[in-house]
């Protein structure tokens, strides 16, 4: 019985030794990185128009600026569904009966362009004092 136990112990230790053999195959590790410049096919541009005082008495209204922007967008060949109003804002004194002479309004538009070169044509057609900001 002792001999059988010794043989079983030797067999177990030798089998566990074979199970822990090191992998000696050669390995290659590779890291890579790639960059690619692309031109987008759709660009969303935000344009904000604001009323301003041309002189002490004459105000350039948001309707005049809006008409300039609409004609510029039509000349650029942009469809009506790609030209939308994003936001309208103003400040009003509700406790006064008539609106303040310095009441100024602003509108934000979103334009979907397929060619970024049309943006220069649109911006150049609108009064620069009436453009508050543009963003992409």
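In the working numbering, the protein residues as written are 621 to 756. From the three backbone atoms N, C-alpha and C, an ideal C-beta is built for every residue, glycine too. Fair warning: this is a prediction, and the values are worked out from it, not measured in the lab.
- In the assembly as shown, residue 669 is a buried residue. Its beta-carbon has 16 or more other beta-carbons within 10 Å.
- Pairing residue 667 with residue 694 gives a Cβ-Cβ distance that is not under 9 Å.
- Taking every protein chain shown into account, the CB of residue 697 has fewer than 16 other CB atoms within 10 angstroms, so this residue is exposed.
- Judged by beta-carbon spacing, residue 663 lies within the 9 Å limit of residue 736, meaning their Cβ atoms are closer than that value.
- Bounds of the beta strand (DSSP E) holding residue 731 are 725–733.
- At a Cβ-Cβ threshold of 9 Å, residue 681 and residue 671 count as neighbours.
- In the displayed model, residue 736 falls within coil according to three-state DSSP, outside both helix and strand.
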